[in-house]
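Peer 1:
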Amino acid sequence: MYVHAYPTDVSGPVDLDLARRIVDRHLSEPGDRAAGITRVITEFDTGFTVIGVRGTPAADPRVLPPPTVGGSVYVIDKDTGAVSFWPTYPVTLVAESYSATVRAGGLIIADRWPDPRAIAEPAYDAATAAEIFIDYGLLQDNR
3 MYVHAYPTDV
13 SGPVDLDLAR
23 RIVDRHLSEP
33 GDRAAGITRV
43 ITEFDTGFTV
53 IGVRGTPAAD
63 PRVLPPPTVG
73 GSVYVIDKDT
83 GAVSFWPTYP
93 VTLVAESYSA
103 TVRAGGLIIA
113 DRWPDPRAIA
123 EPAYDAATAA
133 EIFIDYGLLQ
143 DNR
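Here my numbering is used: the sequence shown runs in plain steps of one and ends on residue 145.
1. Closest to Val96 by C-alpha separation, out of Val16, Phe50, Asp34, would be which residue?
2. Express the C-alpha separation of Thr44 and Pro146 in angstroms, rounding to a whole number.
3. Taking 7 Å as the cut-off, decide whether the C-beta atoms of Gly54 and Ile39 are in contact.
4. Taking the C-alpha atoms as reference points, what is the distance between Ala120 and Asp113?
5. Give me the residue from Ser74, Tyr76, Pro9, Val42 with the minimum Cα distance to Ala61.
6. Note the first and the last residue of the continuous alpha helix (DSSP H) segment covering Ser30.
7. Would Ser74 pass as a contact of Phe87 if the rule is Cβ separation under 7 Å?
Right, dumping it as structure tokens:
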């Protein structure tokens, strides 16, 4: 397995204070506070997991509320400060998977973050749409 990550302005080793700086700069949205979203950072052997939760986090750091719906689990790499994005799996599972992948040499750090303008919805015209049309009825008739 490979983990693709994006560089930050922080280089390792990353401690909790630097992890907070990465969260503030790269993983927080301007409307988070107004929406009641708090970022919870949890340290593990090779990094930090970061989730967004609604409301106040529990006093016991071992008790995590579920991540916000539609959110991600992020991992900040301790050695490099790079950030990877994960589905909303339990943070312990993400941490275990991440650590195993890093130990196996599977961390790939991109040169830069993707340009959000390049990720915009592609514009399709009628000719393009016709090129990608699949008639599933024909496929079923040929079984």
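Built from N, CA and C at the ideal position, the CB exists for glycine as well.
Peer 2: With the structure as the only source:
1. The shortest Cα separation from Val96 among Val16, Phe50, Asp34 belongs to Phe50.
2. Past the edges of the chain, shown from 3 to 145, lies residue 146, and the structure says nothing about it.
3. yes
4. 16 Å
5. Val42
6. Per DSSP, Ser30 belongs to no alpha helix (DSSP H) and is neither H nor E.
7. yes
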